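If you want the numbering used here, it's the 1-based position in the sequence shown plus 73. Step one of this worksheet: look at the structure below.
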Amino acid sequence: MTDIAVAAAAPPPLHSAFRKTKWSVIWLLTLTIFSALTVGGLLAPIQEAVKVDLGISDFQLAMIVGSATAIPAAILSLPIAWMVDHHTRTRLLIVLASLWAVGTIGTAFAQDFYGLFAARLVSGIGAATAFPVLVSILADVCMPERRGRSMLLISIGAWAGVAAAFAIGGTLFGWLEANPSAFVADMPPWREAHLLVGIASAVLVLPLFLIREPARHEVEKANPPLRVAMKAFWSRRGFLGWLYIGNFAGGFAEGAAALWLGSVLVRQYGQSPGEFGGWVGLVILGSGILGSIIGGFTADASQKLKMRGAILLPALIATALSIPASAYPIMPNVTLFAWVLFALLLGGVIINLVNSAAIAVLLPNEERATSLAALAIIAKIVGGPVTAGVIAWMTLLFKGPTGLGMTLTWLGVITGFISLGGYWMAMRNAPRPAAEALPETPPVEAA
């Protein structure tokens, strides 16, 4: 039996002064991530209609659904994370939310590939970089031992947004197609769907003005220079490096599902967007809610174990259980497809929530947003252009009507085992929780 290294004995923890959880702020943050991921995934279920209307190629479509959101994540996530750790976060969140609303409305009026790419790029700047802002604010409105449960609501909001993208995108598209003059005459249904959702997301920016910037807690060094911050980040490479490997490898299966789920259902199961939009949305929502509950409570409960990196144990277990679920695209019928997909997504929700909770608990305040931004970059790059390229290459090995499904299955199994090893090593190299390792200091007010 392999033993997990036990954390070295330490003096009694010096917990931060008690502060009441600000649930009103957490609910507003939940609504915000819901909006971000709804607009971010709205194109996925109706992309075939977009392709036909604009006359774009498969390669151009892949650029729009993958690269257009991956580019802002790769270029801007770390600079924005630096701003999160050093400036007023609530103002930054308002700017980002405004960008994804403007980009979604702009998508409705794009006339060609370049216009659509630009609109998606603007939307992606907001939606792809907002998560570290949300988690940084959340960490300062609740105690460390309650962050897993607080992250539960954020996670439910995120997965509800992903589910709403499929449900709204597919269902609204079908309804607008059947009622072409319901809102804007002579506007194609996919454009109307983006216009309506974009306006709704713009309205949801308004409540963000009610959030007051919270004081920062568990600060190792207030407003450190970039060089000092990067040195501290590098000093934790033994933990963060393995955590990122686990996240990188595990992101392939989720990225593949997000990009190719609709195509598999159309090509292998004969489903249309109007037929699968509703039930796929329910699968995503159900797995998101259940996974968030399991992940939130197990992340908090695992911290009580006398084990190094115990907070990551739920992610390790969920990764192991998710590997067989990679077979969802080769199931013999739609019903089994749905249940196995549910299992895969359930594991992914638990893993993602525990990842974020681990960073919020184990790292000092001023390093959290940067670390979360790095996770976001990995997720976007892997979930977009990298996954698309790998799958395009692997489909040359698996041909025929089920070739895409076999490709997705093998990709999920191989990367699942790599991810499992990454989380195991991250646990073995995990630091002590920030609230225990750092002496109690007065809260740091925003600059």
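Even glycine gets a Cβ: it sits at the ideal position worked out from N, Cα and C. From a predicted model like this one, the values you see are computed outputs, not experimental measurements.
* Asked: What did DSSP end up calling R309 once you bin it into helix, strand or coil?
  -> coil
* Asked: Between A35 and G361, what straight-line distance do the alpha-carbon atoms span, to the nearest angstrom?
  -> Residue numbering for the chain in the displayed model covers 74 to 520; residue 35 lies beyond these limits and cannot be assessed.
* Given a threshold of 16 other Cβ atoms within 10 Å of its Cβ, counted over all protein chains shown, does T75 qualify as buried or as exposed? -> Residue confidence for T75 is low, a pLDDT of 36 falling below 50, so the modelled location carries little weight and cannot support an answer.
* **Exposure of T408, with buried meaning 16 or more beta-carbon neighbours within 10 Å** => The residue is exposed, with fewer than 16 neighbouring Cβ atoms inside 10 Å.
* Asked: Can we say the stretch 259-272 touches the stretch 356-370, given the rule of at least three CB pairs closer than 8 Å?
  -> no
* Sort out for me which residues DSSP pairs G264 with in a bridge. => The displayed chain sequence assigns Arg, not Gly, to residue 264. The partner list for R264 (beta bridge, DSSP) is empty, contrary to what the question assumes.
* Figure out for me which residue from P261, T482, A192 has the closest Cα to the Cα of V125. => P261
* Asked: From which residue to which residue does the alpha helix (DSSP H) around M404 run?
  -> First-last for M404: undefined, no H or E at that position.
* From the DSSP output, in three-state form, read off R381 for me. => coil
* Asked: Between G478 and V337, which are expected to be in contact by the criterion C-beta below 8 Å, what is the C-beta distance as a whole number of angstroms?
  -> 6 Å
* Of all the options T482, A372, V356, M404, which has the alpha carbon lying nearest to the alpha carbon of Y342? -> Nearest option by C-alpha distance: M404.
* Give the straight-line distance between the Cα atoms of V123 and S345, rounded to the nearest whole angstrom. => 14 Å
* **K294 in three-state terms, based on DSSP** => Its pLDDT being 49, under 50, K294 is placed unreliably by the model, and nothing is read from it.
* Distance between I229 and A295 (C-alpha atoms, nearest Å) -> Low confidence applies to A295: its pLDDT is 48, below 50, so where it sits in the model is not reliable enough to give any reading.
* Would you give the residue range spanned by the alpha helix (DSSP H) that Q376 belongs to? => Where Q376 is concerned, there is no enclosing alpha helix (DSSP H), given that its DSSP letter is neither H nor E.
* Report, in whole angstroms, the separation of the C-beta atoms of G114 and F239, which I expect to be a contact under 8 Å. => 7 Å
* Asked: Just reading off the alpha helix (DSSP H) that E121 is part of, what are its end residues?
  -> First-last of the alpha helix (DSSP H) with E121: 120-127.
* **Distance between L389 and R505 (C-alpha atoms, nearest Å)** => Those two C-alpha atoms are separated by around 18 Å.
* Asked: Under 9 Å, do G359 and A391 count as touching if we go by C-beta distance?
  -> It is not a contact, given that the beta carbons lie outside the stated cut-off.
* To do: Starting from the Cα of A288, find the closest Cα among D213, A322, V175 and give me that residue.
  => D213
* Asked: Ordered along the chain, which non-local residues of its own chain (more than five positions away) have a Cβ less than 7 Å from that of A393?
  -> L493
* To do: Please work out which residues of its chain come closer than 6 Å, Cβ to Cβ, to F91, disregarding the five sequence neighbours upstream and downstream, and give them in chain order.
  => A caution first: F91 carries a pLDDT of 49, below 50, which makes its placement in the model too unreliable to give a value.
* To do: Inspect the CB distances between the stretch 278-286 and the stretch 99-112 and report whether three or more fall short of 8 Å.
  => yes
* For the alpha helix (DSSP H) that D131 lies in, which residues bound it at each end? -> Following the DSSP letters along the chain, one finds D131 inside the alpha helix (DSSP H) bounded by residues 131-135.
* Between P387 and I357, is the Cβ-Cβ spacing less than 9 Å? -> no
* Nonlocal neighbours in the same chain, by C-beta distance under 7 Å from A141, ignoring five residues either side -> F190, R193, L194, G197
* **Own chain, CB closer than 8 Å to G311, minus 5 neighbours either side, in chain order** => N502
* **Own chain, CB closer than 7 Å to A183, minus 5 neighbours either side, in chain order** => Contacts found: L189, A192.
* Considering only residues of the same chain and omitting the five flanking positions on each side of A416, which have a CB-CB separation below 6 Å? -> Scanning its chain for C-beta atoms nearer than 6 Å, with the 5 sequence neighbours on each side dropped, one finds around A416 the residues A398, in chain order.
* To do: Spell out whether any CB of chain D is found under 9 Å from the CB atom of A212.
  => The structure shown contains no chain D, having only a single protein chain.
* I153 to L207 span [Cα, whole Å] -> Whole-angstrom Cα-Cα distance: 12 Å.
* To do: Look at the alpha carbon of T163 and the alpha carbon of P474, and state the distance between them as a whole number of angstroms.
  => 49 Å
* According to the Cβ coordinates, are L426 and A372 closer than 9 Å? -> yes
* Hey, would you say M216 sits closer than 9 Å to T111, going by beta carbons? -> no
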